[in-house]
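**Q** In this note's numbering, the protein residues as written are 1 to 161. We put the CB at the ideal spot given by N, CA and C, even for glycine. The structure that follows is given in the form of structure tokens.
Okay, structure coming up:
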């Protein structure tokens, strides 16, 4: 709703972890990492719900399924409002990212979400209050991909106080 934005936190990204560890001069030793001063939390990022279009279903159906899987909110496909489609990973994959917006209520939350353990997902839903969202978008200490920042800017432009 207009009171804040739900974002995911807890999507572990090995590349982010390794890059962060290297920047701090900490060698990557998976078997001992939790015991040293540099833990796996450094590989966690703030992200939007996301998934791969790996079946013939429409992107909207996949998006609604990902919202449920990752956050526990069951949303009707019809509630998804298109934001934009954008090139994602142009230098690597050249994939198109479909971005949608929807509002959720507490009554739509059927599970705690969390993603699929068998896919290595570790997801926690966080709500960022409206008063903090713009600062969050540009807070470099909170790692997030550009698409997350774009969605926040879109949301701010479409939910002026």
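1. What first and last residue would you give for the beta strand (DSSP E) that runs through residue 130?
2. In three-state terms, what does DSSP make of residue 56?
3. Taking 8 angstroms as the threshold, find out whether the segment 57-65 comes into contact with the segment 96-111 through three or more Cβ pairs.
4. State the CB to CB distance for the pair residue 122 and residue 17, rounded to an integer number of angstroms; the pair is presumed to be in contact (CB under 8 angstroms).
5. Would residue 66 and residue 51 be called neighbours here (beta carbons separated by less than 8 angstroms)?
6. Pick out the complete alpha helix (DSSP H) segments inside the segment 67-125, 4 residues or longer, and give them in chain order.
7. In or out: residue 125 buried (at least 16 other Cβ within 10 Å) or exposed?
**A** A quick look at the data gives this:
1. Per DSSP, residue 130 belongs to no beta strand (DSSP E); it is in the alpha helix (DSSP H), 130-137.
2. coil
3. yes
4. Contact flag wrong, Cβ pair sits at about 12 angstroms.
5. yes
6. none
7. buried
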